[in-house]
Amino acid sequence: MRCVLQRDLRIALRRRADTSAALFFFLIVVSLFPIGVGPEPALLRRMGAGVVWVAALLASMLSLARLFNDDHQDGTLEQLLLAATPLPLLVLAKTAAHWLGSGALLALASPLLALQFGLSGEATGVLLISLLLGTPLLSLVGAIGAALTVGVRGGGVLLSLLVLPLYVPVLIFGAGAVDAVQAGLGVAGHFSLMGAMLVLGLFLAPLAAAVALRIAVE
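Residue numbers (the working numbering): 331 to 548.
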């Protein structure tokens, strides 16, 4: 698992253009909304969390199609299937590398973007925590879709259709946590549900992705 994680991170560092594309896409999309809707502070505060979350969701999908496709094309995927390490653990390592190269960067950039929407310090902190909880789940669910579309022509469109409906609960509770703190309500329930989904994703998503990869290769 450590070798797979280090290998994928090295590949991400060598492909800095691909790695930075998701971050720049995230920054540009979020920055365009205040320009488009106008400078009304109340409106920007109300829509800020949703805009940041939708942009993070879309940005995290940019590199999903290549999560397993490159390994499938060069034969590495077959070697992973034959490895002594269980395939779900290798899938988990690859998913962790994907999150470190995309979701973690998006979450760390979110406090800066929150300033454009006039979010308070408490709301910005909740937004950061919700992204740190939710973006790993986006990568885990995305890994299932990426495994199902390995080797499929036009797999990027099919991948979007598969994973976007599954992203909706994460989006609802992630953005809802920020809305709750702005309304003076507690956020423990939102974080608890997101944490529960993340735990389930850590156990179930690698298993489902491993089964899909075996089917795709066979």
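The beta carbon of each residue, even a glycine, is placed where N, CA and C say it ideally should be. Computed from a predicted model, the values in this text were never measured in an experiment.
- Roughly how far, in whole angstroms, is the beta-carbon of L461 from the beta-carbon of A513, given that I think they are within contact range, below 8 Å? Wrong, their Cβ atoms sit about 20 Å apart, outside the cutoff.
- Query: If we ignore side chains and look at the alpha-carbon of each, how far apart do A433 and A505 end up?
  - Reply: One detail in the question is off: residue 433 reads as Gly in this sequence, not Ala. Using only the alpha carbons, I get a separation of about 16 Å.
- In whole angstroms, what separates the C-alpha of P536 from that of L422? C-alpha separation (whole angstroms): 6 Å.
- Could you tell me which of R346, G525, A347 and L478 sits nearest to H402, measuring between CA atoms? Of R346, G525, A347 and L478, the residue nearest in Cα terms is L478.
- Residue span of the alpha helix (DSSP H) that contains P466, given as start and end: Counted as a single uninterrupted DSSP element, the alpha helix (DSSP H) harbouring P466 occupies residues G451 to L478.
- Mark L412 as exposed unless 16 or more other C-beta atoms lie within 10 angstroms of its C-beta, in which case mark it buried. Under this definition L412 is an exposed residue.
- In the DSSP assignment, find the unbroken alpha helix (DSSP H) run with Q409 in it and report its ends. That run of the alpha helix (DSSP H) goes T406 to L412.
- Item | Alpha-carbon spacing of G431 relative to L470, whole angstroms | About 14 Å.
- Item | Status (buried if at least 16 other CB within 10 Å, exposed otherwise) for A427 | Answer is buried; the Cβ neighbour count reaches 16.
- Under the three-state reduction of DSSP, which class applies to M377: helix, strand or coil? Here M377 carries a helix assignment [DSSP, helix/strand/coil].
- Task: Check L430 in the structure and name its three-state DSSP category.
- Result: Residue state, collapsed to three classes: helix.
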